[in-house]
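Note sheet for the following structure.
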Amino acid sequence: MSEREVLTKTVNLHLIYSKRMITNNKGVSLQKCAMQLGTYMGIYWIAKFFLIPLGFTYQFLFFLFAGLTIAVPFMGYYYVRIFRDKICGGKIKFLQAWAFMIFMYMFAALLTAVAHYVYFRYIDNGFILNSYVEILDNNLSNIPGLEGYFAQVKESVEYMRSMTPIELTMQLMSQNVFYCGILAFITALFVKRTTV
């Protein structure tokens with residue numbers, strides 16, 4: 085056998101094995117696809133996160149951040165449809181769709197947590213919280229009836245200032261996983277399809 089024939093045979097065997105793995109072993113392809121699409125979602129979240137500190141300088145970026153945040157469930161729906169149509173052959177049960185989305189959001193949250201940690205550990209130096217307090221001082225301190233609310237917000241900000249970068253990161257990651265778990269449940273109801 086020539087080297088080319090061996091290479092061709094190896095590639096063909098790999099393609100056959102990969103096809104069997106995708107069609108017969110949904111767990112492996114579910115995790116693989118969730119990792120890949122979760123990475124894309126995580127990169128999107130990281131880009132979106134960096135709009136927050138920039139938004140204190142350019143307010144339009146806050147609105148852009150809000151719009152991109154609203155788009156997250158739609159991206160999740162689109163990604164689970166890709167998984168349903170390309171990997172599962174057009175059929176997906178509720179639990180399978182929910183598990184896929186939980187994994188996808190979890191991988192996205194893990195990737196984003198790395199960026200959060202790097203930002204809060206090496207870049208931020210209290211910028212976000214200081215800017216937030218400054219905005220509150222300038223805009224809300226003069227409004228009558230909000231003194232109690234304003235004091236409570238300042239107390240929360242002081243508590244957040246006492247947190248280490250890893251504690252802030254874990255807090256943000258747990259919030260991402262919690263809210264996305266709820267989104268995954270709702271989205272899985274719309275995506276499930278038992279017949280083609």
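Residue numbering for the sequence shown follows our numbering, beginning at 85 and increasing consecutively. All C-beta atoms in this analysis are idealised placements derived from N, C-alpha and C, irrespective of residue type, glycine included. Since we're looking at a predicted model, the values are computed, not measured.
CB-CB length for F133 against A192, believed under 8 Å: Walking along the sequence shown from the start, residue 133 turns up at place 49. Walking along the sequence shown from the start, residue 192 turns up at place 108. With a Cβ gap of about 12 Å, F133 and A192 do not count as contacting.
Leaving out the 5 sequence neighbours to the left and right, which residues in its chain are closer than 8 Å to L267 when beta-carbon positions are compared? Indexing the sequence shown from 1 puts residue 267 at position 183. In the same chain as L267, and ignoring 5 residues on each side of it, the C-beta atoms closer than 8 Å to its own belong to V156, P157, G160, M185 and Y189, in chain order.
Does the count of Cβ pairs from the region 196-212 and the region 131-151 closer than 8 Å reach three? Yes, since at least three Cβ pairs between the region 196-212 and the region 131-151 fall closer than 8 Å, the two stretches touch.
Short of 6 Å in beta carbon distance, which residues of its chain neighbour T107, apart from the five on each side in sequence? Order them along the chain. Numbered from its first residue, the sequence shown carries residue 107 at position 23. Low per-residue confidence applies at T107: pLDDT is 46, beneath 50, and the placement is therefore not dependable, though the value from the model is reported in the following sentence. Contacts found: none.
Straight-line Cα distance separating F167 from L145: Reading the sequence shown from its first residue, position 61 is the one you call residue 145. Reading the sequence shown from its first residue, position 83 is the one you call residue 167. Taking the straight line joining both Cα atoms gives about 32 Å.
Cβ atoms of S113 and I171: under 8 Å apart, would you say? On the sequence shown, position 87 is the one that residue 171 refers to. On the sequence shown, position 29 is the one that residue 113 refers to. Taking C-beta atoms as the reference points, I171 and S113 count as a pair closer than 8 Å.
Contiguous alpha helix (DSSP H) assignments of at least 4 residues, all confined to the region 185-234: Correct list: 211-223.
What are the boundary residues of the alpha helix (DSSP H) that includes R165? As a working mapping, residue 165 is identified with position 81 in the sequence shown. Its alpha helix (DSSP H) spans residues V156 to I166.
Do K276 and A183 come within 8 Å of each other at the CB atom, strictly closer than that value? Indexing the sequence shown from 1 puts residue 183 at position 99. Indexing the sequence shown from 1 puts residue 276 at position 192. No.
Using 8 Å as the Cβ pair cut-off and three pairs as the minimum, do the region 208-227 and the region 239-254 touch? Verdict: yes, contact present.
Would you list the residues sitting across from R277 in a DSSP beta bridge? In the sequence shown, residue 277 corresponds to position 193, counting from 1. Note: R277 is bridge-paired with I176 in the DSSP secondary-structure output.
Taking C-beta to C-beta, are F234 and L252 nearer than 8 Å? Residue numbering aside, residue 234 sits at position 150 when the sequence shown is read from its first letter. Residue numbering aside, residue 252 sits at position 168 when the sequence shown is read from its first letter. It is not a contact, given that the beta carbons lie outside the stated cut-off.
With DSSP run on the structure shown, which of helix, strand or coil describes Y142? Stepping through the sequence shown from its first residue, residue 142 is reached at position 58. Three-state DSSP puts Y142 in coil, outside helix and strand.
Taking the C-alpha atoms as reference points, what is the distance between I250 and T279? The count along the sequence shown starts at 1 and reaches residue 250 at position 166. The count along the sequence shown starts at 1 and reaches residue 279 at position 195. Spanning the two alpha carbons is a distance of roughly 46 Å.
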